[in-house]
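Chains as they are written, first to last, in my numbering: chain Z, 1475 to 1665; chain S, 1475 to 1665.
Glycine included, every Cβ here is placed at the ideal spot set by N, Cα and C.
From a predicted model like this one, the values you see are computed outputs, not experimental measurements.
All remarks here apply to the structure that follows.
Protein chains: 2
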Amino acid sequence: MESIVRHFDKYLPLDDREKEALTSRLVQRQIKRKQYILQEGDICKYFTYVVEGCFKMYGVDNSGAEHNLTFTAEDDWITDIDSLHKERPSKLFIEAIEPCTILQLSKGDLWYLYTNYPKFDRNFRVIIEDKYIELQNRLLQTFSATAYERYESFIEQYPNLANRLPNTQIASYLGITPEFLSKIRNSRTHG
Amino acid sequence: MESIVRHFDKYLPLDDREKEALTSRLVQRQIKRKQYILQEGDICKYFTYVVEGCFKMYGVDNSGAEHNLTFTAEDDWITDIDSLHKERPSKLFIEAIEPCTILQLSKGDLWYLYTNYPKFDRNFRVIIEDKYIELQNRLLQTFSATAYERYESFIEQYPNLANRLPNTQIASYLGITPEFLSKIRNSRTHG
DNA sequence: TATTACCCTTAATCTACATTAAGCCTATTT
DNA sequence: AAATAGGCTTAATGTAGATTAAGGGTAATA
C-alpha cells in the first residue's frame, strides 16, 4: 500500500483523508504467471495498479494471432477503459507474464473517489494524459517507422522490459513475427 | 460560445461561474483551408475546440510522407497533448482541411481553470478518456485488420467525414496509398 | 532421465501493399 | 480560354515482412 501512496506523490500528493479513502477501497491480490485478470468478452470491473510483476494487454485477430497493445510493470496502471466505462464486453485480454502483486479498485469505488475527492479526478486525468501521449507516439511510429526503427525505439523506451520479456512478446508488440525480429536482431549485431 | 457550453452538458454541465470563467478565456479565430494551427518543431500553446470545419493532425516520416493520426470536426477538441504538457517541440502538424471557426484556450488559462474549478479536471478527464478509447481501438485495428477491413471501419465510424474528405486524406489515415485505396473501393463495388 | 513445452534461429517461398508512371477529370487561378 | 494544380484510376514492377518448416537450446515437470 505504501507504493501506491508514493506513486501519487508524482502528481498531487494525497492528504490523510484521501489516503484512507483510497487504501480502504483497494483490494490486494496475487496473480500467477499466465493468469488472466481480463478476458475477451468479459466486462472489465477494475482499475488495476501493479505493485510487482508484469502484464500484457492484447487482442486476438480473426486468424487467432495475438497483438500486444501494452506492457504494464511496477508502479503503473492497467485496465480496458473502453470496457470499464461503457460496460461493454472487452475485445482484449490482460494476462500476467510474471507472478504479480496488484491492487485493484472497482468501478464503483473509483466513482466514489472521483465524486468525493476531486484530487482523484485531477490525478487520474494526468495519468490518462500520459498514457494517451504514449499511445499517440506508438501509433505515429507504427505508421511512419520500419520494423527495425520500431525495435530500436522499443529498446530505448523500455530498457528494463527488453531483457525481461521473451522475444515472442516483443515481436507481438512491434507488430512483426518472432522470425522477423530474429532477422532484425541479427542484422544489428553482425553488419 | 453557446456551442461549447452545450458541449459540456454532455459531461458535468457548467454553472454560471464556470461558464463565465471558461468563455472569458476562450479566444475565437477563423482559420482558412490549408492553414496550420500547429507545425512540427513548434511548442503547442493551445487546447483547441472546433466550432465549425475540420482539421487533420499528421506526422511526416523520413521520406517525407504524411501520416494522418486523427481528424477533428465540429464539437470536438484537438491539441498535441505531448507538446502542450511537456513543452517540447511537436512532431506533428495540425492543418485545416476546410475553413474553420475555433475557440482556443491557452495552457495557462487551462491550468487556471483546472486549479480553480475542479469540474474542468473531471470533464477533461472524461474527454481524454474517450479519446484514449478511440486511439486504442485504432491501434488494435491497425495491427489486426487488413486495409480493406480498416476502410470498412472508417466508413462505419465516420459516415460524415467519409464524404467530406478527399481519398488521399483517408488513405493517409488508413496507412495506405491512394492507389491502393482506389483498388479497395473498386473491389467493393464490382465483385 | 526422459518428457513436455517453450523459445530462438535460419532459410525458402509467398503476398499484401508500395512505388512508379501514365492518363483523365475537375477546380481554381491567370 | 489557357494554364496550373489536385485528385482519381489503372497497371507494371518492386519489397518489407509473413508463412512454413525444420533443427537446436533450455527450463520445468514427471
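With respect to chain S, the C-beta atom of Z:Tyr1622 has no partner C-beta closer than 8 angstroms. Linking Z:Phe1529 to Z:Ala1645 through their CA atoms gives a straight-line distance of about 16 angstroms.
DSSP places Z:Thr1575 in the strand class (E or B) of the three-state scheme.
Residue contact with chain S for Z:Phe1617: present (Cβ-Cβ distance below 8 angstroms to some residue of chain S). By the Cβ rule, the segment 1485 to 1492 of chain S does not count as touching the segment 1539 to 1550 of chain S, because fewer than three pairs are nearer than 8 angstroms. Annotated three-state conformation of Z:Leu1635 is helix, per DSSP.
With respect to the C-alpha of S:Ser1564, the residue from Z:Ile1607, Z:Ala1539 and Z:Ile1602 having the closest C-alpha is Z:Ile1607.
By the Cβ rule, the segment 1519 to 1536 of chain S does not count as touching the segment 1609 to 1625 of chain S, because fewer than three pairs are nearer than 8 angstroms. For S:Glu1526, the closest alpha carbon among the candidates S:Lys1506, S:Gly1515 and S:Asp1516 is that of S:Lys1506. Of all alpha-carbon atoms in S:Ile1650, S:Thr1616 and S:Glu1630, the one lying nearest the alpha-carbon of Z:Glu1540 is that of S:Thr1616. Within the model, the alpha-carbon separation for Z:Arg1638 versus S:Arg1562 is close to 31 angstroms.
Z:Gly1538 and Z:Arg1599 have their C-alpha atoms spaced approximately 35 angstroms apart. About 5 angstroms separates the CB atoms of Z:Lys1593 and Z:Leu1486; that is less than 8 angstroms, so the two are in contact. Within chain S, Asp1595, Phe1598, Arg1599 and Ile1602 have C-beta atoms less than 7 angstroms from the C-beta of Z:Arg1599, given in sequence order.
Contact note: Z:Gly1515 does not reach chain S at a C-beta cutoff of 7 angstroms; the least C-beta distance is about 15 angstroms.
Cβ-Cβ distances below 7 angstroms link S:Asn1597 to Phe1482, Tyr1485 and Leu1486 in the same chain, with the five nearest sequence neighbours on each side left out; the list follows chain order. The shortest CA-to-CA distance from Z:Glu1514 to any of Z:Asn1590, Z:Ile1571 and Z:Thr1553 is the one to Z:Thr1553. Counting the other Cβ atoms within 10 Å of the Cβ of S:Thr1589 gives fewer than 16, which makes it exposed. Taken through DSSP and simplified to helix, strand or coil, Z:Gln1610 comes out as helix.
Distances from the CA of Z:Leu1566 to each of S:Leu1577, S:Leu1613, S:Lys1560 and S:Glu1603 were compared; the closest alpha carbon is that of S:Leu1613. By a beta-carbon distance limit of 8 angstroms, S:Ser1477 does not contact S:Ile1517. Their separation comes to about 28 angstroms. Under the 10 Å beta carbon count, Z:Gln1643 is surrounded by 16 or more other beta carbons and is classified as buried.
Listed as beta-bridge partners of S:His1541 by DSSP are S:Gly1533.
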